[in-house]
Amino acid sequence: MEIKDNELLRQFENQTENGLLTVEYSLQERKLFLTKLNHTEKEDPETIDAFLKAIMNNAEEKRLRVVPTHPKIASFFRKNPVYKELLPPGIKI
9 MEIKDNELLR QFENQTENGL LTVEYSLQER KLFLTKLNHT EKEDPETIDA
59 FLKAIMNNAE EKRLRVVPTH PKIASFFRKN PVYKELLPPG IKI
């Protein structure tokens with residue numbers, strides 16, 4: 009899945025057949041704070057998971073720590089313990 013990093017709006021974007029899928033973020037001191045997940049109600053949960061996995065892979069390539077502040081993104085970390093290594097020290101989900 010291809011994601012677009014819209015630095016002006018500070019969000020990751022992906023155009024799906026159901027609409028625009030976005031995750032708003034804030035970048036501070038090598039930490040990526042994922043603050044909001046926006047999607048249509050018709051969006052498939054597998055598509056959302058694939059989008060979040062692409063974001064995690066992008067953060068891993070850039071050697072960033074990820075801080076999920078949105079409940080759905082935090083639940084993604086609970087479902088996928090592979091990505092828990094991206095959390096900064098002291099944060100447990």
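The numbering of the sequence shown is the numbering used here, which starts it at 9 and goes up by one. Glycine included, every Cβ here is placed at the ideal spot set by N, Cα and C.
Spatially closest choice to residue i from the options, by CA coordinates
i, options, result
"Phe85", "Asp13, Leu28, Met64", "Met64"
"Arg73", "Glu51, Leu16, Gln36, Glu32", "Gln36"
"Glu32", "Gln23, Asn46, Pro97", "Asn46"
"Pro89", "Lys61, Pro53, Arg38", "Lys61"
"Thr43", "Ile99, Ala82, Lys50, Lys92", "Ala82"
"Lys103", "Phe41, Asn66, Leu28", "A question about residue 103 goes unanswered here, because the residues of the chain that appear run from 9 up to 101."
"Ile99", "Phe41, Thr30, Gln23, Asp52", "Phe41"
Buried or exposed (CB count within 10 angstroms, at least 16 for buried), residue i
i, result
"Thr77", "exposed"
As assigned by DSSP and simplified to three states, the class of residue i
i, result
"Pro76", "strand"
"Lys17", "Note that residue 17 is Leu in the sequence shown, not Lys. Coil, per DSSP."
"Lys70", "coil"
"Thr48", "coil"
"Asn22", "strand"
"Lys61", "helix"
Residue i vs residue j beta-carbon contact at 8 angstroms
i, j, result
"Asn14", "Glu25", "no"
"Ile101", "Phe59", "no"
"Glu68", "Leu94", "yes"
"Val75", "Pro97", "no"
Minimum Cβ-Cβ distance from residue i to chain B less than 8 angstroms
i, result
"Glu10", "The structure shown has no chain B; it contains just one protein chain."
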